[in-house]
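Before any comments, here is the structure.
There are 2 protein chains.
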Amino acid sequence: MLLMQQRILQDGVVREGNILKVDSFLNHQMDPVLYREMGKEFYRLFGGCGVTKLLTVEASGIGIACVAAQYFGCPAIFAKKSRTKNLDGEVYAAQVESYTHGGSYTIRVSKRFLTPADRVLLLDDFLARGSAMLGLMDLVAQSGAALVGCGIAIEKGFQEGGRLLRERGVRVESLAVIQGMDQGHITFREE
Amino acid sequence: MLLMQQRILQDGVVREGNILKVDSFLNHQMDPVLYREMGKEFYRLFGGCGVTKLLTVEASGIGIACVAAQYFGCPAIFAKKSRTKNLDGEVYAAQVESYTHGGSYTIRVSKRFLTPADRVLLLDDFLARGSAMLGLMDLVAQSGAALVGCGIAIEKGFQEGGRLLRERGVRVESLAVIQGMDQGHITFREE
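Here you go:
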């Protein structure tokens, strides 16, 4: 999506360790026009796939999923990262490795919200090593729902997540795929 | 908002300890029609107040703020709950007591996203004791921005948060105010 590439070039900041900061428009402050266009684009890509649930993981994916849900007309669900008093009952759970924070954490979704009748589209802000997506795919598999694919705002094409998912036959659509960020210079993989 | 009251009566579940579970439509699975109507209603209530930023705290408020931002046409920001590698630089920080999880946590917003020129509307899914809202108000005060008010999906009117905020002169608009939940029977405070 040209708008996403333009916004990354305009407002993204490259930091040491292949970190791309997009907190002014995507995952801390969130631009309403960009979010709307992301929602429309995910719907253009996956709108014909009979999606019944959008699934993401807290926190940065929640806004993307909720705005996209306005176009899909189906519920959005976010997997929770911590056991809370408000998430009792039966849950699907999966482990996710965290490279940002170190260690791993558990994600959980109530069994009431994913069933074998569902067709699930996964959404998230970033795809890097793919650990969050693999965790969400695990939840979907446990539920017996069908996985439609993954919609990603920004894929780090130089890390292995996208390849890992596509090798498993998962349809991955990323609105911008970063090929490299050498010396702060961002290049995109062309479609 | 009648739709919110109806949805609480239809799908809300009252648990021990004055806990109201609304995870099937508000804060785990999120209903797109309800979210749209919430966004419209917050805009009807606060659209004339010159709001330049919507501010919430992760995680459940993020979707509400992002969908509302579609109507306000201004950015949404979520305060982060943990220090991460991706939130460096100068931040406003405040302490929030957690009654759900016990203890307290720190919320942070980058100083780049709140300035004295901003007019800020706070949004969240629940208002109970008011600790999250007081923390967000602290961040706004530190930034020198103007506080427009608080938009809340569900206020527990039998807890002190709403009174505390209104006594400080804050405009609080709650889409449903629960008066009581005795023996699982939910009653609303009428406007």
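Keeping their order, the protein sequence lines are chains A and B. Throughout, the numbering used here is defined as the position within the first sequence, counted from one, plus 1. Throughout, the numbering used here is defined as the position within the second sequence, counted from one, plus 1. Each residue gets a CB set at the ideal place from its N, CA and C atoms; glycine is no exception. None of these values were measured; they are calculated from a predicted model.
Boundaries of the beta strand (DSSP E) harbouring residue 179 of chain A: 173-181, taken from the DSSP string. Nearest Cα to residue 160 of chain B within the set B:45, B:131 and B:62: B:131. Among the residues of chain B, none has a CB under 7 Å from the CB of residue 186 of chain A; the nearest is roughly 20 Å distant. Between residue 55 of chain B and residue 76 of chain B, the C-beta gap is smaller than 9 Å, which places the two residues in contact.
Straight through space, the alpha carbons of residue 173 of chain B and residue 142 of chain A are spaced by roughly 43 Å. As the crow flies, the alpha-carbon of residue 20 of chain B is around 30 Å from that of residue 145 of chain A.
Among the residues facing chain B, residue 5 of chain A is not included, as its CB has no counterpart in that chain under 9 Å away.
Taken through DSSP and simplified to helix, strand or coil, residue 98 of chain A comes out as strand. With a cut-off of 8 Å on Cβ pairs, the segment 89-108 of chain B is not in contact with the segment 62-76 of chain B, counting fewer than three such pairs. With a threshold of 9 Å between beta carbons, residue 159 of chain B makes no contact with chain A. Here the alpha carbons of residue 104 of chain A and residue 18 of chain A stand approximately 18 Å from one another. For the C-beta of residue 112 of chain B, not a single chain A residue is nearer than 9 Å; the gap to the nearest is close to 12 Å. Contacts with chain A at 9 Å (Cβ-Cβ) do not include residue 108 of chain B. Taking a C-beta distance under 9 Å as the contact criterion, residue 168 of chain B and residue 129 of chain B do not qualify as a contact pair.
For the pair residue 7 of chain B and residue 98 of chain A, the Cα-to-Cα distance works out to about 40 Å. Taking the beta carbon of residue 37 of chain B as reference, the chain A residues within 8 Å of it are 71, listed in sequence order. Using a Cβ distance threshold of 9 Å, residue 38 of chain A and residue 4 of chain A count as a contacting pair. Take the alpha-carbon of residue 65 of chain A and the one of residue 44 of chain A: they are about 12 Å apart. Proximity of residue 2 of chain A to chain B, defined by a Cβ-Cβ separation below 9 Å, is not satisfied. Within chain B, no residue has its CB atom less than 7 Å from the CB of residue 117 of chain A, the nearest being about 17 Å off.
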